[in-house]
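Participant: Each residue of the sequence shown is one higher than the one before, counting from 947 in the numbering used here.
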Amino acid sequence: MNEILKPLHVATDILGINVYKVTPKGLIYSKLKILRVVLYQTVWFISTCSFIKNYQFLNVARASAITLVVFTRVFLWGLNMMAILYLMLFRNGKMILIRQKLSEIDNKLEALGLKERLSNLAQRHKKTLTVLILIEIFALNLSSEIVTHILLERNDFFASFVVLQYSRLFSTTFLTYFLIQTLIVQKRFELINELFQKGNKTILWHLVSCHLKLQRLVKILNSMFDLQILITVTFYFAQTVLDLYTGITVALFETNKGIFVFIALKNALQNIIELFYLTRRCSELCIQANLAKKLVLDFEIDIQDEEKRNFIVASGLKLSNNKLEITALRMFSINYSLLHSLCSAVFTYICVMLQFDNKIPKVSIKS
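Written out as structure tokens, the structure reads:
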């Protein structure tokens, strides 16, 4: 696991997120890394206060809407960053527990002859994680801020990057840990499902046991990240609505302001991409986990073996009655249905906001 997460450890060290150091005994607090986190947070806080105090309204009619977008982004990502720091400093037990549980499950799978498959998966996961981090840092954040800086011809790149992008990088990089863990667990479910389909009766007992342990592991992972998932989804939704609303109104009622339309659409697209990938990872994991209940109940067993028969039937019924879902503080599930609902809600909110916008000229029809 440490080898898989090495790219993430490097990224979190650079960004001042990680407060642990990896030892043979597990994760322990590092005073140097904690000091680095405190330093980075102090710089961010001072820069944010200075940014808000010296903020200058843009020379456009929709300056108030753009200001609302900027301040909403600063507040929500800052809130998310504080939640992550609380999690890292005071609720690290679940992170250690996840590593231990996954290691136990891998040992069971290796005993079933899957050691080489797990080794190949580890290499693929490390490459996937590296690509995710590079896309997140450079393609979706750093390059985005550079483009915005060039188009607006600002001379405060460092300050704006620290205020607007650092907290986002902090949050999304930490969320990458959740995303890669969901991928790792999903692949374990796929391996177990493959063995179910082969119909090997001698290892059936062990497969069901591994599957139930993986389900419990996912629930621990979900409980660890549920608050951040809620804040992240809320941010993506709110920012997408505000960005699209601002872009549409500027496009319709401003002249020679195409730069602001482009920036608004760029930010909205960035939010949609990240929300889609989060939804996809959670949905694919749950699909693989919930597929096992059908495979268990379809498995042919010797009806004379009452103990195993009762165990399989009970496990199948338990899986059927406990559908695995990843939720945001149990308020809503993260799946494709949520994505569809959010798209509908975004469209509805934009229409309502445009309808009640007093600055939009109204057309009266006289009979």
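We treat Cβ as the ideally placed atom computed from N, Cα and C, and that holds for glycine.
In this structure, how does DSSP classify Ile-1280 when only helix, strand and coil are distinguished?
Facilitator: Here Ile-1280 sits in coil by DSSP.
Participant: Under 8 angstroms between the Cβ atoms of Ser-1209 and Leu-1110?
Facilitator: Note on identity: in this sequence residue 1209 is Ile, with Ser being the wrong assignment. No, Cβ-Cβ distance for Ile-1209 and Leu-1110 is not below 8 angstroms.
Participant: Report the residue from Glu-1253, Ala-1238, Phe-1278 whose alpha carbon sits nearest the alpha carbon of Gly-1262.
Facilitator: Closest option to Gly-1262, Cα to Cα, is Ala-1238.
Participant: By the 10 Å Cβ neighbour count, where 16 or more other Cβ atoms means buried, how is Arg-1019 classified, buried or exposed?
Facilitator: So Arg-1019 counts as buried.
Participant: Could you check if His-1286 is buried or exposed, using at least 16 other CB atoms within 10 Å of its CB as the buried criterion?
Facilitator: That one is exposed.
Participant: Starting from the Cα of Leu-1080, find the closest Cα among Ile-1042, Phe-1104, Ser-1065, Thr-1119 and give me that residue.
Facilitator: Here the closest residue by C-alpha is Thr-1119.
Participant: DSSP state of Lys-1240, grouped into three classes?
Facilitator: Note: Lys-1240 maps to helix in three-state DSSP.
Participant: One question on the structure: do Lys-1159 and Lys-1047 come within less than 8 angstroms of each other, judged by their Cβ atoms?
Facilitator: Their beta carbons are under 8 angstroms apart, which means Lys-1159 touches Lys-1047 by this criterion.
Participant: Using only alpha-carbon positions, find the residue among Val-1259, Gln-1127, Leu-1275, Thr-1186 that is nearest to Ser-1339.
Facilitator: The chain is shown only over 947 to 1313; residue 1339 falls outside these bounds and no answer can be derived.
Participant: Report the rounded CA-to-CA distance for Ile-1175 versus Leu-1288, giving the unit in angstroms.
Facilitator: Between Ile-1175 and Leu-1288, the C-alpha separation is close to 15 angstroms.
Participant: Taking 8 angstroms as the cut-off, does the stretch 1083 to 1091 touch the stretch 1048 to 1062 (at least 3 CB pairs, one atom from each stretch)?
Facilitator: Segments in contact, no.
Participant: Using the Cα positions of Ile-1218 and Ser-1283, report the straight-line distance between them to the nearest angstrom.
Facilitator: Answer to the nearest angstrom: the Cα atoms are 15 angstroms apart.
Participant: CA-CA distance, Glu-1205 and Ala-1105?
Facilitator: It is Ile, not Glu, that sits at residue 1205 in the sequence shown. Each residue's Cα considered, the two are about 21 angstroms apart.
Participant: Do you know offhand how far Ile-1130's Cα is from Ile-1030's?
Facilitator: Roughly 22 angstroms separates the two Cα atoms.
Participant: Could you check where the alpha helix (DSSP H) with Lys-1203 kicks off and where it finishes?
Facilitator: That residue, Lys-1203, is in no alpha helix (DSSP H); it is neither H nor E in DSSP.
Participant: At what residues does the alpha helix (DSSP H) containing Val-983 begin and finish?
Facilitator: Element bounds for Val-983: 977 to 999.
Participant: For the alpha helix (DSSP H) holding Phe-1124, just list the boundary residues, first then last.
Facilitator: Start and end: 1113 to 1144.
Participant: In terms of residue numbering, what span does the alpha helix (DSSP H) encompassing Asn-1268 cover?
Facilitator: Asn-1268 -> no alpha helix (DSSP H), and no H or E assigned at all.
Participant: For Asn-1026 versus Ser-1169, is the C-beta spacing smaller than 8 angstroms?
Facilitator: Taking 8 angstroms as the Cβ cut-off, Asn-1026 and Ser-1169 do not qualify as a contacting pair.
Participant: Is the distance from the Cβ of Tyr-1191 to the Cβ of Glu-1220 below 8 angstroms?
Facilitator: No, the pair does not count as a contact, with Cβ atoms beyond the cut-off.
Participant: From the DSSP output, in three-state form, read off Ile-1166 for me.
Facilitator: Three-state DSSP puts Ile-1166 in a helix.
Participant: Starting from the C-beta of Leu-1173, find all residues in its chain whose C-beta is less than 6 angstroms away, skip the five residues before and the five after it, and write them out in chain order.
Facilitator: The residues are Ala-1029.
Participant: Just reading off the alpha helix (DSSP H) that Glu-1050 is part of, what are its end residues?
Facilitator: First-last of the alpha helix (DSSP H) with Glu-1050: 1039 to 1055.
Participant: Applying the 10 Å Cβ sphere with the 16-neighbour rule, what's the burial state of Asn-964?
Facilitator: Asn-964 comes out buried.
Participant: One question on the structure: do Leu-1137 and Ile-1149 come within less than 8 angstroms of each other, judged by their Cβ atoms?
Facilitator: Cβ atoms of Leu-1137 and Ile-1149: not closer than 8 angstroms.
Participant: Which same chain residues, not among the five before or five after Arg-982, have their C-beta less than 7 angstroms away from its C-beta?
Facilitator: Gly-962, listed in sequence order.
Participant: So what's Val-963 in DSSP terms, helix, strand or just coil?
Facilitator: Residue identity differs from the one stated: residue 963 is Ile in this sequence, not Val. Three-state result, Ile-963: coil.
Participant: Would you verify that the beta carbon of Phe-1107 is, or is not, closer than 8 angstroms to some beta carbon of chain B?
Facilitator: This model lacks chain B altogether; it includes just one protein chain.
Participant: Which value, in whole angstroms, describes the spacing of the CA atoms of Gln-987 and Thr-1013?
Facilitator: Cα to Cα, Gln-987 sits roughly 23 angstroms from Thr-1013.
Participant: Tell me the DSSP bridge mates of Ile-1218?
Facilitator: Bridge partners of Ile-1218: none, in fact.
Participant: Which word fits Ile-1166, buried or exposed, when buried means at least 16 other C-beta atoms lie within 10 angstroms of its C-beta?
Facilitator: Ile-1166 comes out exposed.
Participant: Can you give the beta carbon distance from Gln-1234 to Phe-1084, rounded, assuming they're within the 8 angstroms contact cut?
Facilitator: That belief does not hold up - the Cβ atoms of Gln-1234 and Phe-1084 are roughly 30 angstroms apart, past 8 angstroms.
Participant: In the DSSP output, which residue or residues are listed as bridge partners for Ile-1030?
Facilitator: Partner(s): none; Ile-1030 has no beta bridge.
Participant: Which residues in the same chain as Val-1108 place their Cβ atom closer than 7 angstroms to its Cβ, once the five residues preceding and following it in sequence are excluded?
Facilitator: So the qualifying residues of the chain are Val-989, Trp-990, Ser-993.
Participant: Please state the DSSP three-state secondary structure of Ile-1272.
Facilitator: Here Ile-1272 sits in coil by DSSP.
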